[in-house]
Amino acid sequence: MKQFLKVSLLIMLAACSSKKEEGVVISDATLFELTQTLSSFTYLKRSLDTLPAAGNSPHGGFVRVRFNQKGISAMNDSATRLSKTFFPDESLVVKEVYGTSGGPLLEYSVMYKIPGAANSGSGWVWAEYLPDGTPEYPAIKKGDDCISCHSASGNYDLVQIFRFH
-18 MKQFLKVSLL
-8 IMLAACSSKK
2 EEGVVISDAT
12 LFELTQTLSS
22 FTYLKRSLDT
32 LPAAGNSPHG
42 GFVRVRFNQK
52 GISAMNDSAT
62 RLSKTFFPDE
72 SLVVKEVYGT
82 SGGPLLEYSV
92 MYKIPGAANS
102 GSGWVWAEYL
112 PDGTPEYPAI
122 KKGDDCISCH
132 SASGNYDLVQ
142 IFRFH
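Quick note on numbering: the sequence shown equals residues -18 to 146 in my numbering.
1) When the Cα atoms are used, what is the spatial distance from Phe22 to Asp58?
2) Nearest to Glu109 by CA position, among Leu32, Thr66, Leu29 and Asp126, is which residue?
3) Tell me the rounded alpha-carbon separation between Phe68 and Gly84.
4) Determine the direct distance from the alpha carbon of Thr61 to that of Tyr24, and round the result to whole angstroms.
5) Specify whether the region 119 to 139 and the region 75 to 89 touch according to this definition: at least 3 beta carbon pairs, one from each stretch, less than 8 Å apart.
6) DSSP three-state call for Lys65: helix, strand or coil?
7) Run the CB neighbour count on Asn37, radius 10 Å, all protein chains shown included, and call it buried at 16 or more, exposed below.
In structure tokens, the structure reads:
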């Protein structure tokens, strides 16, 4: 509950900011903690199966992708496609990356839609974490190495998973 209040306050402050540079920075610790509340997520295709990654994906051989309630609210009933034009603010997309089907978790690739955050890039906070929460690609980088691929044809609000899985 305490973490929920802290995150809610950060989101509220970010949303109230009129200038991007005045927004709150979503810390890696806060963002990683949000990925750990599994009960509030729904998996892509409503399945816990690992899916083979697309051949040119930089995110490992197999993945499971999950969405928080804000994110899933913009999707169709089978959780296979976006049913709206954009994900709503506060949508959280977590890609669990595995080297092999059924193998150990290698990392989390995270997108959190908070356009007012000082560390958002194109409206999303981007990060990658090892399973223990160590940042591999910290949120402060604003998705600088991610946005060009995520902007490619076939994206839905910068989310590419529907095209590959």
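Beta carbons: idealized from backbone N, C-alpha and C, even for Gly. Computed from a predicted model, the values in this text were never measured in an experiment.
Let me lay it out:
1) Rounded to whole angstroms, Phe22 to Asp58 spans 14 Å at the Cα level.
2) It is Asp126 whose Cα lies nearest to the Cα of Glu109.
3) Approximately 30 Å, taken between the alpha carbons.
4) Computed Cα separation, rounded: 9 Å.
5) The answer is no - the region 75 to 89 does not touch the region 119 to 139, with fewer than three Cβ pairs under 8 Å.
6) Shown here, Lys65 sits in coil according to DSSP, grouped into three states, outside any helix or strand.
7) So Asn37 ends up on the exposed side.
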